[in-house]
Amino acid sequence: MAKGLVIARIRGVPLKLHWTFLLVVGLIAAAVIFVSGSLVMGLYAVGLILLLFFFVLVHELAHVAVARRFGIPTKEITLLPIGGISHMERIPEAPDQEAKISIAGPLVNVGFALLLAPFVFHFHGGWSAFVSLHLLDLTEPSLFLDLFWLNVIMGAFNLLPAFPLDGGRVLRALLALKMSYVKATKVAADTGKTFAILFGLIGLFVNFWLLIIAVFVYLGAAGEERAATAQAVFRKAQVRDVMHRDFVMVRPDEPIEAIVERSFQTRQMDFPVVRSGRLLGFLDRGQLTSAAGQGGLMVEDVMRRDIPQVTPEDDLSVAFRRLQGGSVKALIVVSDDREEVESIGASAEMLTDSGREGRDIPKDEEGRRLVGILAVEDMERAYLYITQRESIGAETRVGSPMQMFGGRKRRVPKAGAARVARGHSRDEREVWVPVMEEPER
Numbered sequence: 012m013a014k015g016l017v018i019a020r021i022r023g024v025p026l027k028l029h030w031t032f033l034l035v036v037g038l039i040a041a042a043v044i045f046v047s048g049s050l051v052m053g054l055y056a057v058g059l060i061l062l063l064f065f066f067v068l069v070h071e072l073a074h075v076a077v078a079r080r081f082g083i084p085t086k087e088i089t090l091l092p093i094g095g096i097s098h099m100e101r102i103p104e105a106p107d108q109e110a111k112i113s114i115a116g117p118l119v120n121v122g123f124a125l126l127l128a129p130f131v132f133h134f135h136g137g138w139s140a141f142v143s144l145h146l147l148d149l150t151e152p153s154l155f156l157d158l159f160w161l162n163v164i165m166g167a168f169n170l171l172p173a174f175p176l177d178g179g180r181v182l183r184a185l186l187a188l189k190m191s192y193v194k195a196t197k198v199a200a201d202t203g204k205t206f207a208i209l210f211g212l213i214g215l216f217v218n219f220w221l222l223i224i225a226v227f228v229y230l231g232a233a234g235e236e237r238a239a240t241a242q243a244v245f246r247k248a249q250v251r252d253v254m255h256r257d258f259v260m261v262r263p264d265e266p267i268e269a270i271v272e273r274s275f276q277t278r279q280m281d282f283p284v285v286r287s288g289r290l291l292g293f294l295d296r297g298q299l300t301s302a303a304g305q306g307g308l309m310v311e312d313v314m315r316r317d318i319p320q321v322t323p324e325d326d327l328s329v330a331f332r333r334l335q336g337g338s339v340k341a342l343i344v345v346s347d348d349r350e351e352v353e354s355i356g357a358s359a360e361m362l363t364d365s366g367r368e369g370r371d372i373p374k375d376e377e378g379r380r381l382v383g384i385l386a387v388e389d390m391e392r393a394y395l396y397i398t399q400r401e402s403i404g405a406e407t408r409v410g411s412p413m414q415m416f417g418g419r420k421r422r423v424p425k426a427g428a429a430r431v432a433r434g435h436s437r438d439e440r441e442v443w444v445p446v447m448e449e450p451e452r
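Using the working numbering, you'd call the opening residue of the sequence shown number 12 and step up by one each time.
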């Protein structure tokens with residue numbers, strides 16, 4: 012759902028418009044013209060939809076503003092035909108913070124409704140307008156009344172305790188005061204799924220949009236439950252417990268064909284790009300796969316210069332959040348800890364077409380040393396090991412975190428799962444075998 016056209020940036024946050032938005036606007040306008048027989052009403056419907064999505068945008072910006080107060084950045088906002096989504100770097104597990112972020116959006120709609128109320132009273136028949144539930148009369152435009160009821164309905168609908176709607180998030184925050192975050196998420200998700208089934212049944216007979224919303228709510232609730240369980244599991248280990256310390260680095264002036272061959276030789280799929288002791292970029296499997304068939308490309312032509320990083324001290328939950336979007340399948344691990352750097356000095360090597368080229372450990376722009384790579388397959392192995400070792404997740408585990416990384420997998424014997432989590436060599440890491448796949452487009 013996150014894919015779309017970037018139409019603006021608001022305080023550095025990309026605002027995306029999903030491709031289906033314009034299609035839906037056109038279909039609604041055509042339907043109104045067909046039913047009313049009036050081009051004017053069709054244009055009015057388009058204007059009303061655009062104003063509606065202005066309210067949706069302000070609703071989402073309220074979430075973003077409150078989240079920013081708590082130090083939580085937002086990656087992007089996406090406008091969909093059924094509403095908006097704010098993609099935050101993380102969801103706060105402090106119940107009061109989540110409740111405040113969640114309630115901010117519906118309060119915006121309440122505020123708009125209160126601002127519109129005097130105009131409704133003046134232009135649309137006094138107090139009777141507030142009990143008419145008038146919405147989009149196809150015989151004549153009623154702008155203030157329509158906008159008033161759109162905000163009332165939007166605010167009220169979002170306050171339903173149907174996770175992951177705002178009301179469902181408030182419900183989870185309240186439950187988390189009395190029980191664990193994972194259990195609170197499970198209860199809220201089950202409630203959301205129940206509402207989704209009810210929406211779907213009503214939508215089959217009354218309103219097609221409710222059916223679409225039902226699918227969104229059900230999938231969203233299931234996804235949030237998986238994510239919360241995975242976060243709880245990943246807090247049990249650190250990046251240093253799972254990362255690859257034996258890895259291959261490449262130069263920016265090497266041909267892609269040579270890197271593809273090296274990937275088959277070493278079973279490594281993501282490569283740090285270094286030169287003269289500096290970490291310059293990152294070549295991930297998606298870029299490698301995409302560039303492999305084009306011919307004549309060098310590493311520097313396709314590598315990422317925004318290097319996705321974690322430190323050895325980070326919980327795996329930090330890495331999980333950074334991998335969750337699916338844009339990359341591995342992270343660079345950097346450190347300024349002397350012992351950590353010394354531990355990597357004997358294992359990291361730079362292979363070039365002519366063989367080895369030194370053993371100096373490269374630095375990033377902040378002077379931290381490159382000490383490892385953490386891939387989604389490492390995260391999957393850690394997840395398996397921790398859930399086998401700990402009771403956590405035994406009742407709430409609802410699938411693999413690999414699903415949220417966008418990866419595909421094939422199972423092989425898992426005898427090495429425990430050894431992997433203790434940091435043994437690459438030869439013992441063959442529990443989950445990655446599959447080269449087409450990059451996201």
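Cβ coordinates follow ideal geometry from the N, Cα and C atoms, glycine included.
Could you tell me the distance, in whole angstroms, from the CA atom of Phe416 to the CA atom of Lys340?
Legend: pLDDT at Phe416 = 48, less than 50; position of this residue unreliable, value from coordinates given subsequently. Taking the straight line joining both Cα atoms gives about 7 Å.
CA-to-CA distance, Ala184 to Pro103, given in whole angstroms:
In this model, Pro103 and Ala184 are separated by some 10 Å (Cα to Cα).
Within the continuous beta strand (DSSP E) that includes Arg262, where are the two ends?
No beta strand (DSSP E) contains Arg262, which DSSP labels as neither H nor E.
What's the C-alpha gap between His135 and Leu28?
Each residue's alpha carbon lies about 33 Å from the other.
Exposure label - Gly178; buried when at least 16 CB within 10 Å
It is buried - the Cβ of Gly178 has at least 16 other Cβ atoms within 10 Å.
Between the Cα of Leu182 and the Cα atoms of Pro106, Tyr396, Glu100, Arg262, which residue gives the shortest distance?
The alpha carbon of Leu182 has as its nearest neighbour, out of Pro106, Tyr396, Glu100, Arg262, the alpha carbon of Pro106.
N-terminal and C-terminal residue of the alpha helix (DSSP H) that Met52 is part of
Note, Met52: alpha helix (DSSP H), 50-80.
With which residues is Gln320 paired in a DSSP beta bridge?
In DSSP, Gln320 forms a bridge with Ile343.
From the DSSP output, in three-state form, read off Lys247 for me.
Here Lys247 sits in coil by DSSP.
Mind checking whether Pro175 and Glu87 have CB atoms under 8 Å apart?
Between Pro175 and Glu87, the gap from beta carbon to beta carbon reaches 8 Å or more.
Short of 8 Å in beta carbon distance, which residues of its chain neighbour Leu59, apart from the five on each side in sequence? Order them along the chain.
Closer than 8 Å at Cβ, skipping near neighbours: Leu147, Leu154, Asp157, Leu158, Leu161.
Please check the pair Phe206 and Leu221, which I expect to be a contact at CB under 8 Å, by giving their CB distance rounded to whole angstroms.
Contact check for Phe206 and Leu221: beta-carbon distance about 11 Å, past the 8 Å limit, so the pair fails to qualify.
Cα-Cα, which of Ile318, Pro319, Glu268 is closest to Met309?
With distances taken between CA atoms, Met309 lies nearest to Glu268 out of Ile318, Pro319, Glu268.
Val9 vs Val285 beta-carbon contact at 8 Å:
Residue coverage of the chain in this structure runs from 12 to 452, which leaves residue 9 outside it and unanswerable.
What does DSSP give as the partner residues of Ala386 in its beta bridges?
By DSSP's assignment, Ala386 forms a beta bridge with Ala341.
Would you say the stretch 118-137 touches the stretch 186-201, given that touching needs at least three Cβ pairs under 8 Å?
No: the two stretches stay apart, fewer than three of their Cβ pairs being nearer than 8 Å.
So, with DSSP's three-state summary, where would you put Ile208?
Helix.
Could you check which residue in Ala386, Val253, Phe245, Met280 has the C-alpha nearest to that of Val261?
The shortest CA-to-CA distance from Val261 to any of Ala386, Val253, Phe245, Met280 is the one to Met280.
Would you list the one or two residues that DSSP bridges to Pro103?
BP columns for Pro103 are empty, so no partner.
Does the count of Cβ pairs from the stretch 92-101 and the stretch 214-234 closer than 8 Å reach three?
Cβ pair count under 8 Å is three or more, so yes.
If you follow the alpha helix (DSSP H) that Arg256 is part of, which residue opens it and which one closes it?
Element bounds for Arg256: n/a, residue is neither H nor E.
Provide the residue(s) that pair with Pro373 in DSSP beta bridges, ordered along the chain.
DSSP output for Pro373 lists no bridge partner at all.
Under the three-state reduction of DSSP, which class applies to Pro1: helix, strand or coil?
Past the edges of the chain, shown from 12 to 452, lies residue 1, and the structure says nothing about it.
If Ser113 and Glu71 are in contact, beta carbons under 8 Å, what's the gap, nearest whole angstrom?
Incorrect: roughly 12 Å between the Cβ atoms, too far for contact.
Pick out whichever of Tyr394, Arg332, Asp295, Asn120 has its Cα sitting closest to the Cα of Glu100.
Its Cα nearest to that of Glu100, the residue Arg332 stands out among Tyr394, Arg332, Asp295, Asn120.
Would Ile44 and Met52 qualify as a contact pair, given that the criterion is a beta-carbon distance under 8 Å?
With respect to Met52, Ile44 sits close: the two C-beta atoms are nearer than 8 Å.
Residue interval of the alpha helix (DSSP H) (run including Phe45):
Residues 31-47.
Would you call Gly23 buried or exposed, if buried means 16 or more other Cβ atoms sit within 10 Å of its Cβ?
In the assembly as shown, Gly23 is an exposed residue. Its beta-carbon has fewer than 16 other beta-carbons within 10 Å.
By the three-class DSSP mapping on this structure, what secondary structure does Pro117 have?
Helix at Pro117.
Under a Cβ-count criterion, where at least 16 other Cβ atoms within 10 Å of its own Cβ denotes burial, should Glu272 be classed as buried or exposed?
Exposed: under 16 other Cβ atoms inside 10 Å.
Rounded to whole angstroms, what's the CA-CA distance from Arg256 to Tyr396? Just pull it up for me.
In this structure, the straight-line span from the alpha carbon of Arg256 to that of Tyr396 is close to 19 Å.
On the DSSP bridge assignment, give the partners of Glu268 in chain order.
Bridge partners of Glu268: none, in fact.
Taking Val17 as part of the beta strand (DSSP E), name the residues at either end of that continuous run.
Residue range 16-21 is occupied by the beta strand (DSSP E) that includes Val17.
With 16 other CB atoms within 10 Å as the buried threshold, where does Glu324 fall?
Burial state of Glu324 is exposed, judged by a 10 Å Cβ sphere holding fewer than 16 other Cβ atoms.
Which value, in whole angstroms, describes the spacing of the CA atoms of Arg379 and Phe258?
CA-CA distance, Arg379 to Phe258, rounds to 17 Å.
Might you give, ordered along the chain, the residues of its own chain that have their beta carbon closer than 7 Å to the beta carbon of Thr196, omitting 5 neighbours on each side?
So the qualifying residues of the chain are Arg183, Glu235, Glu236, Ala239.
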